[in-house]
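Asker: In the order they appear, the protein sequences are chains Y, E, W and B. Per the UniProt record's numbering, the first sequence starts with residue 1, numbered consecutively. Per the UniProt record's numbering, the second sequence starts with residue 1, numbered consecutively. Per the UniProt record's numbering, the third sequence starts with residue 1, numbered consecutively. Per the UniProt record's numbering, the fourth sequence starts with residue 1, numbered consecutively. Note that beta-carbon positions come from the ideal geometry of N, C-alpha and C, so glycine has one too. Given the structure is predicted, the values throughout are model-derived calculations rather than measurements. Once you've had a glance at the structure underneath, I'll fire off some questions.
There are 4 protein chains.
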Amino acid sequence: MDTPLEDPAYEVGTSKAAARIRAAATEVFAAKGYGAASTREIAARLDLSPGAVYPHYKTKESLLFAIALEGHRAVLDTITRAADSATSPRDQLTAAVSAYVKWHAHHHAIARVVQYELRALSDEHFKTIAEIRRATSRVFERILEFGDASGEFHTLDSAAATLAITSLGIDVSRWFPSNAYSDPDLLAERFVELALRMVGNI
Amino acid sequence: MDTPLEDPAYEVGTSKAAARIRAAATEVFAAKGYGAASTREIAARLDLSPGAVYPHYKTKESLLFAIALEGHRAVLDTITRAADSATSPRDQLTAAVSAYVKWHAHHHAIARVVQYELRALSDEHFKTIAEIRRATSRVFERILEFGDASGEFHTLDSAAATLAITSLGIDVSRWFPSNAYSDPDLLAERFVELALRMVGNI
Amino acid sequence: MDTPLEDPAYEVGTSKAAARIRAAATEVFAAKGYGAASTREIAARLDLSPGAVYPHYKTKESLLFAIALEGHRAVLDTITRAADSATSPRDQLTAAVSAYVKWHAHHHAIARVVQYELRALSDEHFKTIAEIRRATSRVFERILEFGDASGEFHTLDSAAATLAITSLGIDVSRWFPSNAYSDPDLLAERFVELALRMVGNI
Amino acid sequence: MDTPLEDPAYEVGTSKAAARIRAAATEVFAAKGYGAASTREIAARLDLSPGAVYPHYKTKESLLFAIALEGHRAVLDTITRAADSATSPRDQLTAAVSAYVKWHAHHHAIARVVQYELRALSDEHFKTIAEIRRATSRVFERILEFGDASGEFHTLDSAAATLAITSLGIDVSRWFPSNAYSDPDLLAERFVELALRMVGNI
DNA sequence: GATGAATGAGACTTCATTCAT
DNA sequence: AATGAATGAAGTCTCATTCAT
């Protein structure tokens with residue numbers, strides 16, 4: 001059962017120093033993009049020398065992977081718990097969308113790395129991440145199927161609706177916060193309403 | 001009337017060579033991100049020497065700006081024409097969303113640069129682009145207001161719906177094409193349905 | 001009292017490697033001029049890679065500044081000590097001119113950088129250097145004023161004589177060594193005689 | 001009799017355009033040094049394209065040579081005429097030093113190139129220039145010898161005095177104008193006095 | 001004579017990474 | 001674990017010069 005998805009220590013780095021490096025790297029990657037970020041700047045944020053990253057992460061890419069892995073696990077965990085906390089399709093969709101949107105708003109730096117910096121991963125690392133992404137998608141898919149089966153939802157195209165709902169959440173990390181929306185809770189409320197309409201509920 | 005939004009030659013570069021450089025740069029920026037892309041690679045794609053970019057664009061950033069300007073103008077122009085081609089709110093929304101989604105699918109390389117690489121722009125260039133982005137948003141906003149006023153739409157929150165509709169389009173450039181969707185027309189059809197539901201039409 | 005003039009470590013670089021880089025840069029700057037010299041060549045003289053200069057000096061200009069600062073301090077220190085070693089105006093002028101001329105002859109590479117490459121300095125760095133240059137000039141001025149007051153000298157125009165005396169020394173760094181003069185001591189002796197005549201002594 | 005020293009058109013360039021290019025280049029070379037100056041900047045000063053220099057001067061170095069040649073000839077001509085205009089050693093020295101100093105003050109841009117940028121010349125070009133420099137030195141030497149022979153001067157070391165007198169003039173081009181001296185005539189007067197003292201006249 | 005795109009070389013500088021300390 | 005000098009590669013950009021127009 002020690003698969004990458006389940007062992008939380010797998011390749012992420014457990015020491016306190018590693019966590020600080022991850023946090024600093026997340027901010028820099030989110031602000032400039034992985035390609036434009038330098039390991040020197042990450043080290044400098046922590047008042048460390050340029051070489052100090054390397055005892056913790058062998059390469060810049062492995063640091064990105066650790067962040068991506070941790071982030072993707074957090075999203076999946078968050079929406080899985082949310083969906084499991086409710087019983088009706090409507091309540092499940094409400095909980096899952098709300099959690100998804102809030103997570104992208106609250107953790108918009110991590111979220112940006114999670115959603116937009118994956119192209120720099122090695123093939124193998126990308127595959128590991130892609131697996132988690134598919135699992136995340138499946139959570140929404142199943143709720144829609146459940147709702148359509150129960151007659152509560154009237155989705156026109158299940159795949160399209162899933163795609164659209166996840167797009168709303170993902171895109172939050174691109175722009176959040178804005179002048180119009182800087183409260184994650186309010187934003188989540190609005191996007192839940194739109195998601196319910198997309199699936200034909202009410 | 002020679003504002004950046006209206007004079008099509010403004011800072012974009014009109015020569016054939018400049019256009020080829022823009023096209024090559026678009027592909028590289030889209031594939032790797034601006035920060036990880038090199039002017040050398042752009043030149044190499046056209047079998048040019050590394051310095052050959054510079055008679056046409058003084059800096060890498062100005063090349064990004066030219067692409068972003070051209071792209072943003074194209075989007076705005078496309079959806080403006082689409083909206084103007086119809087009269088009823090529903091037809092206008094259908095036309096505009098369809099055009100928006102299709103543009104992001106067809107031109108997903110340009111679109112990716114347009115939507116995700118703006119942080120590298122200089123402050124002044126960013127302002128010019130931001131103006132066009134606001135104009136683009138306003139096209140959707142006005143259609144929703146028109147529909148709400150006419151009673152055809154029953155939008156719960158106009159700003160949220162505009163945001164959501166544009167998010168759908170923008171996010172297309174992140175993932176398109178996928179296994180599930182590689183036909184821009186089909187995708188546009190599905191997303192139009194979802195947009196209409198979001199505004200409470202049918 | 002930690003002014004740039006007095007703290008010898010200020011911005012010069014204290015490590016052995018930095019000193020070697022300064023020495024190599026001095027030779028190259030003196031031979032080709034700052035503008036025509038390359039950091040690559042400086043590194044190559046020490047069998048280092050091109051980037052190896054940069055842990056020690058952040059820019060080529062800061063390397064020039066370090067050399068200029070060290071050199072200007074050395075001149076000022078040298079003539080100040082020389083002047084202080086004597087009591088009569090004639091002996092002071094003799095000692096100061098001799099020291100000044102010998103310094104420019106012995107250290108003609110540093111001297112050339114010190115005297116001819118300052119235009120490449122940043123404004124702030126230039127100001128720091130200009131302060132030291134004024135202090136150097138003042139040493140000669142004061143000796144002349146002292147001699148005029150004591151009746152030993154009969155200078156016609158104090159400012160002009162100071163200018164001329166420093167010009168003799170500075171210009172040494174342009175041509176030294178030549179066929180006619182390659183012995184710093186002999187040259188200094190001759191220039192001292194001329195300086196004494198310029199101030200009307202004997 | 002068509003030696004480089006005497007044929008004024010030799011390698012200098014006679015057209016009006018060539019003269020404008022020489023003038024622009026002189027300013028740029030004087031301001032930044034030959035090594036840091038670019039042919040592009042020279043062309044830009046005249047609102048010409050980068051390639052426009054090349055119909056007139058085949059290389060940047062040949063442009064430097066033309067300026068150096070013209071300048072060196074002008075100095076030699078100026079002091080030769082000055083010396084020839086007087087009969088007594090004292091009057092000859094006065095006239096020659098005055099002319100030399102004034103020339104370096106009035107033409108300080110050309111003078112700077114003439115005095116400090118010769119290292120960039122090709123060997124052959126340098127030899128041509130060095131010949132003129134020696135001729136210039138000889139003008140002063142002969143005046144001193146004449147004065148010593150006539151008993152009007154009491155030079156201690158003829159070579160040293162010549163060197164010192166030319167140093168004064170050359171160094172003017174380094175600093176002129178300054179706050180203290182911006183009037184060539186006044187400066188010349190002062191330096192003539194000092195030169196006369198150096199040779200023991202009065 | 002002049003333009004301006006292009007080249008080939010090379011400029012300064014940064015970067016991910018290593019390694020002795 | 002951390003430092004900081006160093007490397008080898010590469011990055012953006014400039015430059016002298018050429019050449020078709």
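Suppose contacts are defined by Cβ-Cβ distances below 8 Å. Is residue 158 of chain W in contact with residue 144 of chain W by that definition?
Answerer: Using a Cβ distance threshold of 8 Å, residue 158 of chain W and residue 144 of chain W count as a contacting pair.
Asker: Residue 64 of chain E versus chain Y: which residues are under 9 Å apart at the beta carbon?
Answerer: None at all; the shortest Cβ gap to chain Y is about 12 Å.
Asker: Please specify which runs of the alpha helix (DSSP H), each continuous and at least 4 residues long, are wholly inside the UniProt DNA-binding region "H-T-H motif" (38 to 57) of chain E, giving them in chain order.
Answerer: Runs of the alpha helix (DSSP H) lying entirely within the UniProt DNA-binding region "H-T-H motif" (38 to 57) of chain E, each at least 4 residues long, are 39 to 45 in chain order.
Asker: For the stretch 163 to 188 of chain B, list the alpha helix (DSSP H) runs that are entirely contained and at least 4 residues long, ordered along the chain.
Answerer: Runs of alpha helix (DSSP H) with 4 or more residues, each lying fully within the stretch 163 to 188 of chain B, are absent.
Asker: Taking its Cβ as the centre, do 16 or more other Cβ atoms sit within 10 Å of residue 102 of chain B, making it buried, or is it exposed?
Answerer: buried
Asker: Given this structure, state the Cα-to-Cα distance separating residue 115 of chain B from residue 173 of chain B, to the nearest angstrom.
Answerer: 8 Å
Asker: Check whether the Cβ of residue 32 of chain W lies closer than 8 Å to any Cβ atom in chain B.
Answerer: yes
Asker: To which residues of the same chain is residue 24 of chain B closer than 6 Å at the C-beta, ignoring the five residues directly before and after it?
Answerer: 42, 45 and 46
Asker: Check whether the Cβ of residue 200 of chain W lies closer than 8 Å to any Cβ atom in chain B.
Answerer: yes
Asker: What is the DSSP secondary structure of residue 204 of chain W, reduced to helix, strand or coil?
Answerer: Lying before the first or after the last residue shown, residue 204 of chain W is absent from chain W, which here runs from 1 to 202.
Asker: Could you compute how far the alpha carbon of residue 147 of chain W sits from the alpha carbon of residue 199 of chain W?
Answerer: Cα-Cα distance, rounded: 9 Å.
Asker: State buried or exposed for residue 117 of chain Y, treating a residue as buried only when at least 16 other CB atoms are found within 10 Å of its CB.
Answerer: buried
Asker: Using the three-state DSSP reduction, which class does residue 143 of chain W fall into: helix, strand or coil?
Answerer: helix
Asker: Rounded to whole angstroms, what is the Cα-Cα separation between residue 127 of chain W and residue 133 of chain W?
Answerer: 10 Å
Asker: Where does residue 14 of chain Y sit, in a helix, a strand or coil, going by DSSP?
Answerer: coil
Asker: At the 8 Å Cβ level, is residue 194 of chain Y part of the contact set with chain E, yes or no?
Answerer: At least one chain E Cβ lies under 8 Å of residue 194 of chain Y.
Asker: From residue 14 of chain Y to residue 135 of chain Y, what does the alpha carbon distance come to, in whole angstroms?
Answerer: 24 Å
Asker: Compute the beta-carbon to beta-carbon distance between residue 160 of chain W and residue 190 of chain B, rounded to the nearest angstrom, for a pair I have assumed lies under 8 Å.
Answerer: In this structure residue 160 of chain W is in contact with residue 190 of chain B, their Cβ atoms being roughly 4 Å apart against a cut-off of 8 Å.
Asker: Give me, in chain order, the residues of the same chain whose beta-carbon lies closer than 7 Å to that of residue 89 of chain W; leave out the 5 immediate sequence neighbours on both sides.
Answerer: 143, 146, 147, 150, 152 and 153
Asker: For residue 203 of chain E, which of helix, strand or coil comes out of DSSP?
Answerer: Because chain E spans 1 through 202 in this model, residue 203 of chain E falls outside it and cannot be assessed.
Asker: Take residue 12 of chain B and list the residues in its own chain whose beta-carbon comes closer than 7 Å to its own, dropping the five residues that flank it on each side.
Answerer: 66, 69 and 70
Asker: Measuring CA to CA, which of B:104, B:156, B:137 and B:112 is closest to residue 183 of chain B?
Answerer: B:104
Asker: Determine whether the Cβ of residue 135 of chain Y lies closer than 8 Å to any Cβ atom of chain E.
Answerer: no
Asker: For chain E, check one thing: does any of its Cβ atoms lie closer than 8 Å to the Cβ of residue 45 of chain Y?
Answerer: no
Asker: Taking C-beta pairs closer than 8 Å, name the residues in chain B that residue 180 of chain W reaches, listed in chain order.
Answerer: 159 and 163
Asker: Our contact map puts residue 100 of chain B next to residue 169 of chain B with C-beta atoms below 8 Å; I'd like the distance itself, whole angstroms only.
Answerer: 4 Å
Asker: Going by C-alpha distance, which of W:110, W:187 and W:72 is nearest residue 137 of chain W?
Answerer: Closest by alpha carbon: W:72.
Asker: Check whether the Cβ atoms of residue 109 of chain W and residue 27 of chain W lie closer than 8 Å to each other.
Answerer: Annotated as proximal: residue 109 of chain W and residue 27 of chain W, with beta-carbon spacing under 8 Å.
Asker: By DSSP, does residue 153 of chain Y sit in helix, in strand, or in coil?
Answerer: coil
Asker: Nearest by alpha-carbon distance to residue 75 of chain W: which of W:181, W:163 and W:139 is it?
Answerer: W:139
Asker: Determine the DSSP secondary structure at residue 125 of chain E, reduced to helix, strand or coil.
Answerer: helix
Asker: Going by beta-carbon coordinates alone, are residue 167 of chain E and residue 171 of chain Y separated by less than 8 Å?
Answerer: The Cβ atoms of residue 167 of chain E and residue 171 of chain Y lie closer than 8 Å to each other.
Asker: Classify residue 124 of chain E as buried or exposed, calling it buried when 16 or more other Cβ atoms lie within 10 Å of its own Cβ.
Answerer: exposed
Asker: For residue 100 of chain W, go through chain B and note every residue whose CB falls closer than 9 Å to its CB, in chain order.
Answerer: Simply none; closest approach about 13 Å.
Asker: How would you list, in chain order, the residues of chain W whose beta-carbon sits under 7 Å from the beta-carbon of residue 132 of chain B?
Answerer: Chain W residues near residue 132 of chain B: none, gap ~16 Å exceeds 7 Å.
Asker: So residue 141 of chain Y and residue 162 of chain Y are supposed to be a Cβ contact under 8 Å. How far apart are they, rounded?
Answerer: 5 Å
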